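Novice: Dumping the structure here so I can ask a few things about it.
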Amino acid sequence: MFAIVKIAGQQFKVQVDQTLFVPRVDGNAGDKVEFSEILLLDNEGKLSVGSAVKGAVKAEILDQVQGDKVIAFKMKRRKGFRKKHGHRTHYTKIKVTAIA
1 MFAIVKIAGQ QFKVQVDQTL FVPRVDGNAG DKVEFSEILL LDNEGKLSVG
51 SAVKGAVKAE ILDQVQGDKV IAFKMKRRKG FRKKHGHRTH YTKIKVTAIA
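Residue numbering for the sequence shown follows UniProt numbering, beginning at 1 and increasing consecutively.
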């Protein structure tokens, strides 16, 4: 059984007991979250798509983490112009507990 669910504007294919990193979701470690926007649901070969899908994906927040550092370096040759900007994207590590 798997589902394609929309979390923070991105689509993820999830299964029960799967851990994944999603864009930051508010909450602390140990909190339970529920994602109700399911786009596709496969229940032992029976597909449900679109508005026919009823249910939700329940998950538990494991940790709030930061991604790798990304550096955007801009330079114009022979002009002395250099600009360095970097950031680390925030992610939430979740574990899918149930697809209902």
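No residue lacks a Cβ here, since even glycine has one placed at the ideal position from N, Cα and C. Model, not experiment: these values are computed from the prediction.
1) Excluding the five sequence neighbours on either side, which residues of its own chain have a C-beta within less than 7 Å of the C-beta of V49, listed in chain order?
2) Do you know how far the Cα of Q64 is from the Cα of G27?
3) Would you identify the three-state DSSP class for G80, choosing helix, strand or coil?
4) N28 bridges to which residues according to DSSP?
5) Could you give the DSSP three-state label for G86: helix, strand or coil?
Specialist: Answer, in terms of the structure:
1) Excluding sequence neighbours, V49 sits near L40.
2) Pairing G27 with Q64, the inter-Cα distance amounts to about 9 Å.
3) Residue state, collapsed to three classes: coil.
4) As far as DSSP is concerned, N28 takes part in no beta bridge.
5) In this structure, G86 counts as strand in the three-state DSSP scheme.
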